Amino acid sequence: MTSTAQDLHPAPTLAPGRTILELNGLEKRYPGTHALKPVHLAFKAGEIHAIVGENGAGKSTLIKLLTGVMPRTSGEVIWEGKPEALATPHEAMALGINAVHQEVVLCRHLTVAANMFLGEENSRFGILQQRAMVKEAQKIIDDLGFDLPAHVTLGDLTIGQQQLIAAARATVRGTKFLIFDEPTAYLTRKEADQLFKLIRRLKGEGVTIIYISHRMEEVFELADRVSVLRDGTLVGTRDIAETNEPELVKLMINRSIEQIYHKEAVPPGEVLLETRRLSGKALHQAAYSSARTACCRRSRLIPSS
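My numbering puts the first residue of the sequence shown at 172, with every later residue one more than the last.
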């Protein structure tokens, strides 16, 4: 049995603004490492909630706990008012919790359509209905506004296009809670715009979006709220309209921007290297070598016209 285009419009069981998922002291310890210290945080139905923090802050650990990839050490996860173990990825997906990871985890040797319905293939008498799957997958992709073919092998697409397919796949699984982990890392501006359109569409349908990114401009463009992790600790949650980039950076690194970047006026010195009317087959190599050896010195190349 395959998903249909109607599955792009999941029917959330909670009204927008109500708490869909609550973390009560969620914690993860490894031998010698306290990866995630007790987190208390609530996510609202139909919101875009950004999570930011430096590398090693605990973002990846949080994703793994919420998607059932690893067990938590302690704490409680409340889903739609009921405690849930989230012990396996299958359990998380059954509840409607999915993730689109920075690294595409689909099967590059299969077609786009086969990846869209992987594990939920359309078959009849044990025979895959490949044409029907391609047709249905193309309807879904077109409906999302992605200009991508469903019949081609996934590996023939760019990494950015594969990322869009991963996002499309997540939307056909009855998703209520969707995590995006650095989703624009490999996207062009056009592809990012298509993804943002999809995210806003899902938000309008009541899907809760967790958006993890290092790109502050994206956080302020999309998010309703933002939470900051630092060294495995949740250090603050802000309404996006009531914060700014300097405040978030200060929360992330525990010091203000002015304490990090000191702009000093450095007067230009004398010219160390100058060439005029240089030509010939070795020009490219000469220019490269000069730039490399003088990378820490001031130099000026004046190529011939």
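Beta carbons are placed, not taken as given, at the ideal position from N, Cα and C, and that holds for glycine. This one's a predicted model, so the numbers in the text were calculated from it and none came from an experiment.
Are there 16 or more other CB atoms within 10 angstroms of the CB of residue i, so buried, or fewer, so exposed?
i           : result
residue 269 : buried
residue 347 : buried
residue 330 : exposed
residue 204 : exposed
residue 307 : buried
residue 276 : exposed
residue 267 : buried
residue 378 : buried
residue 230 : buried
Which of helix, strand or coil does DSSP assign to residue i?
i           : result
residue 326 : helix
residue 421 : helix
residue 446 : strand
residue 191 : strand
residue 260 : helix
residue 469 : Any reading at residue 469 is ruled out, since the residue's pLDDT is 40, under 50, leaving its predicted position unreliable.
residue 295 : strand
residue 384 : coil
residue 186 : coil
I need the straight-line Cα distance from residue i to residue j, nearest angstrom please.
i           : j           : result
residue 278 : residue 340 : 12 Å
residue 265 : residue 257 : 10 Å
residue 239 : residue 350 : 13 Å
residue 259 : residue 324 : 29 Å
residue 363 : residue 344 : 22 Å
residue 247 : residue 206 : 17 Å
residue 302 : residue 202 : 50 Å
residue 380 : residue 281 : 28 Å
residue 447 : residue 440 : 20 Å
residue 249 : residue 237 : 11 Å
residue 292 : residue 286 : 9 Å
residue 396 : residue 321 : 35 Å
Could you say which of the options lies nearest to residue i if we only look at CA atoms?
i           : options            : result
residue 385 : 227, 189, 443      : 227
residue 221 : 412, 451, 439      : 412
residue 272 : 317, 199, 357      : 357
residue 193 : 216, 208, 200, 186 : 216
Quick test of your reading: residue i and residue j, contact by CB under 8 Å. State the CB separation rounded to the nearest angstrom.
i           : j           : result
residue 210 : residue 399 : Contact flag wrong, Cβ pair sits at about 12 Å.
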